[in-house]
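K.L.:
Handing you a structure now.
Protein chains: 2
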Amino acid sequence: MEVRHLLLLREIAVRGTLAAVATATHRTPSAVSQQLRTAERELGVALVEPVARGLRLTAEGLLLAESADEVGRVIAEVEARLQSRLGKPGGAVSIGTLPSAGEALLPLLMPRLRDSAITLDVRDFDVAEAAFARETLDHDLVIAHSLTGDVPAGAGHLVCRVLAREPLDVAMPVGHPLASKPVLVPDDLVGTTWIAVPAGFPFDSVLLAVESATGRPLERRMRLVDNRLVESMVAAGEGLALLPRFTTAPNPGTMLRPLSGVNAERAIVAIARPDHYARRAVRTVADLLAEIGADVMARHADLSPGVTGRLQP
Amino acid sequence: MEVRHLLLLREIAVRGTLAAVATATHRTPSAVSQQLRTAERELGVALVEPVARGLRLTAEGLLLAESADEVGRVIAEVEARLQSRLGKPGGAVSIGTLPSAGEALLPLLMPRLRDSAITLDVRDFDVAEAAFARETLDHDLVIAHSLTGDVPAGAGHLVCRVLAREPLDVAMPVGHPLASKPVLVPDDLVGTTWIAVPAGFPFDSVLLAVESATGRPLERRMRLVDNRLVESMVAAGEGLALLPRFTTAPNPGTMLRPLSGVNAERAIVAIARPDHYARRAVRTVADLLAEIGADVMARHADLSPGVTGRLQP
DNA sequence: ACTTCCATGTAGGCAGCCTACAGAGTTACT
DNA sequence: AGTAACTCTGTAGGCTGCCTACATGGAAGT
Chain S
54 MEVRHLLLLR
64 EIAVRGTLAA
74 VATATHRTPS
84 AVSQQLRTAE
94 RELGVALVEP
104 VARGLRLTAE
114 GLLLAESADE
124 VGRVIAEVEA
134 RLQSRLGKPG
144 GAVSIGTLPS
154 AGEALLPLLM
164 PRLRDSAITL
174 DVRDFDVAEA
184 AFARETLDHD
194 LVIAHSLTGD
204 VPAGAGHLVC
214 RVLAREPLDV
224 AMPVGHPLAS
234 KPVLVPDDLV
244 GTTWIAVPAG
254 FPFDSVLLAV
264 ESATGRPLER
274 RMRLVDNRLV
284 ESMVAAGEGL
294 ALLPRFTTAP
304 NPGTMLRPLS
314 GVNAERAIVA
324 IARPDHYARR
334 AVRTVADLLA
344 EIGADVMARH
354 ADLSPGVTGR
364 LQP
Chain P
54 MEVRHLLLLR
64 EIAVRGTLAA
74 VATATHRTPS
84 AVSQQLRTAE
94 RELGVALVEP
104 VARGLRLTAE
114 GLLLAESADE
124 VGRVIAEVEA
134 RLQSRLGKPG
144 GAVSIGTLPS
154 AGEALLPLLM
164 PRLRDSAITL
174 DVRDFDVAEA
184 AFARETLDHD
194 LVIAHSLTGD
204 VPAGAGHLVC
214 RVLAREPLDV
224 AMPVGHPLAS
234 KPVLVPDDLV
244 GTTWIAVPAG
254 FPFDSVLLAV
264 ESATGRPLER
274 RMRLVDNRLV
284 ESMVAAGEGL
294 ALLPRFTTAP
304 NPGTMLRPLS
314 GVNAERAIVA
324 IARPDHYARR
334 AVRTVADLLA
344 EIGADVMARH
354 ADLSPGVTGR
364 LQP
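As you go down the protein sequences, you meet chains S and P in turn.
Using this note's numbering, the letters of the first sequence correspond one by one to residues 54 to 366.
Using this note's numbering, the letters of the second sequence correspond one by one to residues 54 to 366.
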């Protein structure tokens with residue numbers, strides 16, 4: 054029983070096809086196929102069965118793939134134990150992040166890693182909530198968010214650390230009638246039109262909650278992802294929008310007002326595969342992100358949202 | 054971090070020299086040395102340091118060697134989980150046994166494995182109590198004994214199953230004056246001479262206990278290991294001896310009498326390395342041995358020792 | 001001093017993993 | 001229906017890496 058074969062099965066279980074495993078591990082599909090056959094021959098069991106134009110794991114293959122999680126975790130822990138004895142954590146840590154959270158956190162992370170042996174490799178993507186979990190396959194840490202709780206959908210057996218809780222405020226053009234109220238409630242929003250996000254994206258759940266609270270539908274005029282673009286649309290008077298408080302820069306054309314009465318808050322969380330999280334460098338970065346998240350929350354705790362300065366002086 | 058290297062370090066930790074590891078794994082010392090250097094290069098740490106004419110593990114090497122126990126156990130458990138799903142356990146199980154316990158148990162084990170896929174590979178050795186633990190390096194199961202408790206000396210972190218508790222009786226030639234008593238106590242033995250075992254062998258602790266109870270030394274005339282030889286000496290009138298009840302065959306020249314007042318009993322135990330014990334075939338054999346041990350104890354429960362038939366009808 | 005038992009170095013054989021390329025099967029699109 | 005795109009698989013060949021065989025150097029015991 055070779056560990057390499059166990060890890061191969063785990064990759065197959067999680068990526069679905071041999072071709073995906075091959076590209077993820079920088080090999081040809083042929084190599085993966087041959088290794089799989091070797092594993093089957095040595096174990097004396099069928100590990101995969103053909104289905105449609107691909108294949109899927111047999112019950113035995115699935116059993117071993119699940120076991121591989123445990124094996125991988127134990128080995129990673131051993132490695133971490135050694136590294137922690139050898140000195141400071143180091144190496145490359147790959148981070149995948151949703152842009153808005155990355156904008157709030159990562160610029161503060163870089164200086165804290167200045168005199169460590171850790172190097173970062175950052176990528177960003179804006180995907181539906183359930184798609185963040187998949188990104189942990191290709192990144193050590195994924196900065197995701199959730200509006201329904203502290204664990205993003207699909208991140209069941211991943212390591213999951215809440216970095217911050219960020220209010221989602223209502224953005225409106227300067228001079229909008231609602232700007233006179235320091236805090237908005239759902240009833241204030243009846244009849245308004247919105248710059249919304251594509252279906253499946255977390256922010257939409259807030260609008261749905263507002264509709265459910267008032268019993269009246271909201272008009273969604275566009276479905277945009279990029280917050281900078283959304284802001285410009287709001288400033289142009291195309292509608293209201295929900296924007297995360299920490300990263301919506303003061304902007305002469307728009308202002309923010311908090312929304313109460315529904316859950317208008319997102320949890321910014323770092324998620325990781327347990328075996329990646331076993332690396333000390335990865336854990337160190339996660340620790341720093343949690344610190345930074347707390348700092349950011351503290352800095353906004355007594356500040357009003359947006360460009361209007363302090364509301365409760 | 055390769056599992057092969059971890060297991061190599063464990064072998065070094067446990068066997069002491071590269072030469073011993075090499076012979077145990079059927080390789081040349083050169084191969085082992087090269088693999089060790091490869092491990093050091095990949096990990097970037099010194100794992101061994103020269104000492105005297107051999108070497109010893111550094112602190113880091115020892116850390117990894119200990120971790121290897123955990124890794125090996127987890128992998129063995131995965132393998133066992135797969136095998137248990139695939140059907141009946143099978144494969145070769147190597148047993149090392151002390152001769153007397155093997156004589157009592159193993160003939161009953163063979164028929165029970167008749168229609169299984171398990172094959173046995175049995176060896177025997179008669180060593181001091183503390184030496185049994187070392188034999189678990191080379192055998193899946195070691196049948197050992199202990200007079201001081203249920204765990205033989207040195208078997209601290211081994212799997213340890215008590216198979217039977219066997220009285221050690223006093224063997225004497227037919228017609229010996231002590232034969233008139235159905236049960237002996239230490240005071241009966243004052244002034245007697247004995248066929249003893251070499252120092253360090255467990256049986257000696259019983260004679261020491263008798264001496265301690267009576268305050269009078271016993272004369273030890275020879276120091277023999279082989280029980281068949283001991284029996285013949287007893288029959289020849291050379292002295293008394295302690296013999297295990299289950300395997301001392303009825304013999305026209307000798308008879309047995311139980312000894313009370315001191316702990317004259319040995320625990321027959323199966324010991325194994327946890328990673329070996331994870332194999333289902335190994336566990337199955339251990340289960341059967343425990344059954345057999347219980348049977349043997351039950352069969353002797355209402356029978357008097359030796360050739361004299363039932364004493365308490 | 002000689003033997004013995006360590007570990008280690010070098011050269012070469014051999015197995016195993018990988019790539020490159022080709023082929024067969026299935027699905028989806030035009 | 002026909003084609004394109006995707007899947008997995010097979011074969012031939014190169015390359016890396018592990019091992020053996022043999023030789024060397026050092027430490028301990030006789």
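Yeah, the Cβ is synthetic: ideal placement off N, Cα and C, and Gly gets one too.
Alpha carbons only, please: which of S:Pro164, S:Val127, S:Glu156 is nearest the one belonging to S:Ala197?
P.N.:
S:Glu156
K.L.:
Count the C-beta pairs between the stretch 243–259 of chain P and the stretch 271–285 of chain P that are closer than 8 angstroms, then say yes if the count reaches three, no if not.
P.N.:
yes
K.L.:
How about S:Pro255 and S:Ser199: do their beta carbons lie closer than 8 angstroms?
P.N.:
yes
K.L.:
Along the chain, where does the alpha helix (DSSP H) containing S:Gly346 start, and where does it finish?
P.N.:
333–354
K.L.:
Between S:Asp328, S:Ala331, S:Phe299, which lies nearest to S:Arg352 when the distance is taken from Cα to Cα?
P.N.:
Among S:Asp328, S:Ala331, S:Phe299, the Cα nearest to that of S:Arg352 is on S:Phe299.
K.L.:
Report yes or no: is there a C-beta of chain S within less than 8 angstroms of the C-beta of P:Leu96?
P.N.:
A Cβ of chain S is located within less than 8 angstroms of the beta carbon of P:Leu96.
K.L.:
When you compare only the Cα positions, how much space is there between S:Val74 and S:Pro82?
P.N.:
8 angstroms
K.L.:
Check each residue of the stretch 108–125 of chain P: if its Cβ is closer than 9 angstroms to any Cβ of chain S, include it; give the result in chain order.
P.N.:
Ala112, Glu113, Leu116, Leu117, Ser120, Ala121, Glu123, Val124
K.L.:
Evaluate the contact criterion for the stretch 129–148 of chain S versus the stretch 167–186 of chain S: three or more CB pairs, one atom per stretch, below 8 angstroms.
P.N.:
yes
K.L.:
Which bits of chain P does S:Leu135 rub up against, with CB to CB less than 9 angstroms?
P.N.:
Met54, Leu96, Val98, Glu113, Leu116, Leu117, Ser120
K.L.:
Taking the Cβ atom as the reference point for each residue, do S:Leu296 and S:Leu221 lie within a distance shorter than 8 angstroms?
P.N.:
yes
K.L.:
Assuming S:Thr172 is part of the beta strand (DSSP E), what are its boundary residues?
P.N.:
170–177
K.L.:
Which residues in the same chain have their Cβ closer than 6 angstroms to the Cβ of S:Val204, if we skip the five residues on either side of it in sequence?
P.N.:
Spatial neighbours of S:Val204 in its own chain (CB-CB distance under 6 angstroms, excluding positions within 5 residues in sequence) are listed in chain order as Cys213.
K.L.:
Helix, strand or coil, according to DSSP, for P:Thr361 in the structure here?
P.N.:
Bear in mind that a pLDDT of 42 at P:Thr361, under 50, signals an unreliable position, so the number given afterwards is only what the model happens to contain. In the three-state reduction of the DSSP assignment, P:Thr361 falls in the helix class, which pools H, G and I.
K.L.:
Rounded C-beta distance between P:Gly97 and P:Gly69? I'm assuming under 8 angstroms.
P.N.:
25 angstroms between Cβ atoms; not a contact.
K.L.:
Measure from the alpha carbon of P:Leu309 to the alpha carbon of each residue in P:Val67, P:Glu188, P:Thr189, P:Met225, then state which is nearest.
P.N.:
P:Met225
K.L.:
Could you give the distance in angstroms between the alpha-carbon of S:Glu93 and the alpha-carbon of S:Arg109?
P.N.:
14 angstroms
K.L.:
Straight-line CA distance for S:Leu166 to S:Leu158?
P.N.:
13 angstroms
K.L.:
S:Arg134 to P:Ala118, Cα distance in whole Å?
P.N.:
12 angstroms
K.L.:
When burial is assigned at 16 or more other CB atoms within 10 Å of the CB, is S:Thr172 buried or exposed?
P.N.:
Answer is exposed; the Cβ neighbour count stays below 16.
K.L.:
In its own chain, which residues sit with a C-beta less than 6 angstroms from the C-beta of P:Val223, not counting the 5 before and 5 after it?
P.N.:
Leu237, Leu293, Arg310, Leu312
K.L.:
Could you compute how far the alpha carbon of P:Ser233 sits from the alpha carbon of P:Val243?
P.N.:
16 angstroms
K.L.:
Going along the chain, which residues of its own chain have a beta-carbon closer than 8 angstroms to the beta-carbon of S:Pro142, five neighbours each way excluded?
P.N.:
Excluding positions up to five away in sequence, the list reads Gln136, Ser169, Ala170, Ile171, Arg332, Arg333, Ala334, Arg336, Thr337.
K.L.:
Find the residues of chain P that neighbour S:Arg315, judging by a C-beta separation of less than 8 angstroms, and give them in chain order.
P.N.:
Contrary to the premise, residue 315 of chain S reads as Val rather than Arg in this sequence. Ordered by position in chain P, no residue passes the 8 angstroms Cβ test against S:Val315, which lies about 47 angstroms from the chain.
K.L.:
Counting only the same chain and skipping the five closest in sequence on each side, list residues whose C-beta sits under 8 angstroms from that of S:Gly202.
P.N.:
Ala320
K.L.:
Can you tell me whether P:Arg167 is helix, strand or coil according to DSSP?
P.N.:
coil
K.L.:
Within this structure, are the beta carbons of S:Asn304 and S:Glu291 separated by less than 8 angstroms?
P.N.:
no
K.L.:
Would you mind telling me which residues of chain P sit closer than 9 angstroms to S:Glu64, beta carbon to beta carbon, in chain order?
P.N.:
Those within 9 angstroms of S:Glu64 in chain P number zero; the least Cβ separation is about 16 angstroms.
K.L.:
If we ignore side chains and look at the alpha-carbon of each, how far apart do S:Thr361 and S:Asp241 end up?
P.N.:
No answer about S:Thr361 holds up, because its pLDDT of 42 lies below 50 and its placement is not dependable.
K.L.:
Tell whether a beta-carbon distance below 8 angstroms holds between P:Ala120 and S:Val85.
P.N.:
Reading off the sequence, residue 120 of chain P comes out as Ser, not Ala. No. Outside cutoff.
K.L.:
According to DSSP, is P:Pro230 part of a helix, a strand, or is it coil?
P.N.:
Helix at P:Pro230.
K.L.:
So P:Ala266 and P:Val315 are supposed to be a Cβ contact under 8 angstroms. How far apart are they, rounded?
P.N.:
6 angstroms
K.L.:
Please name the residue, chosen from P:Arg138, P:Ala208, P:Leu116, P:Arg126, that lies closest to S:Arg138 on a Cα-to-Cα basis.
P.N.:
The residue among P:Arg138, P:Ala208, P:Leu116, P:Arg126 with its C-alpha nearest the C-alpha of S:Arg138 is P:Leu116.
K.L.:
Considering only the beta carbon of each residue, do S:Ala181 and S:Ala208 sit closer than 8 angstroms?
P.N.:
no
K.L.:
For a quick check, are the C-beta atoms of P:Leu59 and P:Leu89 less than 8 angstroms apart?
P.N.:
No.
K.L.:
Would you identify the three-state DSSP class for S:Pro103, choosing helix, strand or coil?
P.N.:
It is a strand residue.
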